[in-house]
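**Student:** A single structure is presented below for examination.
Protein chains in written order, with the UniProt record's numbering: chain H, 1 to 236; chain P, 1 to 236.
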C-alpha cells in the first residue's frame, strides 16, 4: 500500500503517495487513514513530515481530522478553508469583467444541464428563493436568496465537478453578487427587473427547456454586465 | 499587519490571516513573507503551527519556499503539486461524460474569448502544434501537441481565472485527451478528421470570428463525445 520514501522535500512525497492511492482507488471517500505512527513506520519519514502533509490535506479540505478517531478522506471540498482559485484571483487583481466571464461560462452551462435534470422538489426550493427575493424587506436576506438560487441551479446540473468549480470560486462569486445587487437595486425598476429575470430562468427550468434556460441566464448576466462599470468603482 | 491568535486549530488561523492579508492587498504576489521566527513572535503561536500553515500553502502552490531566502507569495498555481479538483473528481468516480461537459463548458468559452484576443505570434505557436499533430510519427508526441493546442487557446483567452480553472483540472483533462485519442486514432480516417477539426478551430481564430470558433470547438468536442462509450470501457 505505501512505499518507503527518500527525498529532500519529504512531505511532498507523502502527499503524492496519498494522491496516487486515491487515483488507484486504494483510498476511497470516507476511508480512515492509517494513524500518524503507522504512516511514520510505513513511509520511513519523520512524524513532522507526516503531520505537515496531513495538515496540508486538511486545509485543502481533503482530509478531516476527527478528535480521538483519526483522519478520514472527505468527499467534498465545500467547507474547504482555503479556496486556491479565489486567492489566486485576489493576487492577480483581475477585473470584474473577468469574474463576469467566469460566471457566464459556468452558469449558462449549469442552467442548460439543470433544465435536463431538475426534479419537482428542486423547483419548489428555487421558487422559495424567488419568493424571498420578491418579498423580503431586507437586502441582506435578498442577496443571500439570490446567491442560493444560483448555487441551487448548479447543484441541479447533476455535474458534481462543475458544481464544485463554481463553489471553489464562491468567495469571488458571493462578493460579485452582493456588489452587483448593491449597484442595481438602488433603482427600484431594476430590482423588479432582477426578480423577473430570475422568474424567467425558473420558468425555463420548469419547462425543462435547455435553450430557453441558457437564454434567460444569459439575459440576466448581460443585464449585470451593463452595470459592471459602476461595480468597478466599488471595487477600487 | 498581524494579530496574535487564540484558538484550538491554530494553523487554520494562520492561514486565514494570510488569506485576509492577500484579500486586503497587504500581501502581493512576489512578496516575501516574514520569517518563521517573526511569525511566531507576531502571531503568538508555536513554530510547529507556523510551519504547518506554510507547508500547506506551499503544497497548494501559493507559497514558494526558496532555500536560504525564505518564503514568497506566488502568483500562479500552474506547478501546484496538488490539484484539489482533480483529486475530488477521482474520489467521486464521476463519469467521462461529466469531464466532457466540463471541457465543453470551459473550451467553448476560451475559444470565444481567444478569437477576440489572439495575437499573430500565438497563431504561429498554434500552427506549430497542428504541424506536429499532422506530421509526427509518434502518438505520444501527437497527443502532447493536442493538449498544448487546447491549453494555448485557454491562455489566449486573456482570462487568467478561466485559464487557471482549466489548469486546475489538467490531470483530468490530460488523461481525457490521451484516452480519447487512443480510441479515435485507431481509425486512420478519424485521425485525419481530428487534424481537420483543429485546423478549423485555428482558422476561426485567425479570422477573429468568435462564433465560428465556438462552433468549431463544439464540433470537435461533439466528435469526441461520440467515442465516449468506448472510452468508458477504457476507464473501467
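Even for Gly, the Cβ is constructed at its ideal location relative to N, Cα and C.
#1: Given a limit of 8 Å on CB to CB distance, which residues of the stretch 100-115 of chain H reach chain P?
#2: Check whether the Cβ atoms of residue 66 (chain P) and residue 29 (chain P) sit closer than 8 Å, and answer yes or no.
#3: Can you list, in chain order, the stretches of the alpha helix (DSSP H) that have 4 or more residues and sit fully within the stretch 24-63 of chain H?
#4: Using only the alpha-carbon positions, how far apart do residue 192 (chain P) and residue 184 (chain P) sit?
#5: Mark residue 26 (chain H) as exposed unless 16 or more other C-beta atoms lie within 10 angstroms of its C-beta, in which case mark it buried.
#6: Have a look at H:158, H:68, H:103 and flag the residue whose alpha-carbon is nearest the alpha-carbon of residue 99 (chain P).
#7: Would residue 51 (chain H) pass as an interface residue toward chain P - the criterion being a Cβ-Cβ separation below 8 Å?
#8: Is residue 91 (chain H) closer than 8 Å to residue 22 (chain P) when the C-beta atoms are compared?
#9: How about residue 15 (chain H) and residue 56 (chain H): do their beta carbons lie closer than 8 Å?
#10: Quick test of your reading: residue 152 (chain P) and residue 126 (chain P), contact by CB under 8 Å. State the CB separation rounded to the nearest angstrom.
#11: Does the separation of the CB atoms of residue 221 (chain P) and residue 87 (chain P) fall below 8 Å?
#12: Residue 61 (chain H): buried (16+ other C-beta within 10 angstroms of its C-beta) or exposed?
#13: Determine the contact status of residue 167 (chain P) and residue 143 (chain P), defining contact as a CB-CB distance below 8 Å.
#14: Report the start-end ranges of each beta strand (DSSP E) in the stretch 164-190 of chain H that is 3 residues or longer and not cut off at the edges.
#15: Taking only three categories from DSSP, how would you classify residue 218 (chain P)?
#16: Could you tell me if residue 120 (chain P) is buried or exposed, where buried requires 16 or more neighbouring beta carbons within 10 angstroms of its beta carbon?
#17: Any Cβ of chain H within less than 8 Å of the Cβ of residue 160 (chain P)?
#18: Short check: CB of residue 123 (chain P) to CB of residue 206 (chain P), under 8 Å?
#19: Does the CB of residue 15 (chain H) have a neighbour CB from chain P at under 8 Å?
#20: Are the C-beta atoms of residue 62 (chain P) and some chain H residue less than 8 Å apart?
#21: So, is the C-beta of residue 215 (chain P) closer than 8 Å to a C-beta in chain H?
#22: I'd like to know whether the C-beta of residue 235 (chain P) is nearer than 8 Å to at least one C-beta of chain H.
#23: If you run the structure through DSSP and keep just helix, strand and coil, what is residue 118 (chain P)?
#24: Does the Cβ of residue 47 (chain H) have 16 or more other Cβ atoms within 10 Å, making it buried, or fewer, making it exposed?
**Tutor:** For this structure:
#1: Flagged, chain order: 101, 102, 104, 105, 106, 109, 113.
#2: Not a contact, by the Cβ cut-off of 8 Å.
#3: Here the runs fully enclosed are 36-43, 47-60.
#4: Straight through space, the alpha carbons of residue 184 (chain P) and residue 192 (chain P) are spaced by roughly 10 Å.
#5: Burial call: exposed.
#6: With distances taken between Cα atoms, residue 99 (chain P) lies closest to H:158.
#7: Using a Cβ-Cβ cut-off of 8 Å, residue 51 (chain H) counts as an interface residue toward chain P, since at least one Cβ of chain P sits closer than that to its own.
#8: Going by C-beta atoms, residue 22 (chain P) is nearer than 8 Å to residue 91 (chain H).
#9: Here residue 15 (chain H) is near residue 56 (chain H), since their CB atoms are less than 8 Å apart.
#10: With 8 Å as the limit, residue 152 (chain P) and residue 126 (chain P) qualify as a contact, their Cβ atoms being about 6 Å apart.
#11: One thing to note: residue 221 (chain P) has its Cβ no nearer than 8 Å to the Cβ of residue 87 (chain P).
#12: When all chains shown are included, residue 61 (chain H) counts as buried.
#13: Against a cut-off of 8 Å, the Cβ pair of residue 143 (chain P) and residue 167 (chain P) comes out as no contact.
#14: List check, beta strand (DSSP E) in window: nothing returned.
#15: When DSSP states are grouped into helix, strand and coil, residue 218 (chain P) belongs to the helix group.
#16: Residue 120 (chain P) should be labelled exposed.
#17: It does; some Cβ of chain H falls within 8 Å.
#18: Cβ distance < 8 Å, so residue 123 (chain P) and residue 206 (chain P) count as in contact.
#19: Among the CB atoms of chain P, one or more fall inside 8 Å of the CB of residue 15 (chain H).
#20: Judged by the 8 Å Cβ criterion, residue 62 (chain P) is in contact with chain H.
#21: For residue 215 (chain P), the answer is no, since every Cβ of chain H falls outside 8 Å of its Cβ.
#22: Residue placement at residue 235 (chain P) is flagged as unreliable, the pLDDT there being 44, under the threshold of 50; the coordinate-derived value follows with that caveat. So, not an interface residue.
#23: Residue 118 (chain P): coil per DSSP, three-state reduction.
#24: Residue environment analysis places residue 47 (chain H) among the exposed positions, since fewer than 16 neighbouring C-beta atoms fall within 10 angstroms of its C-beta.
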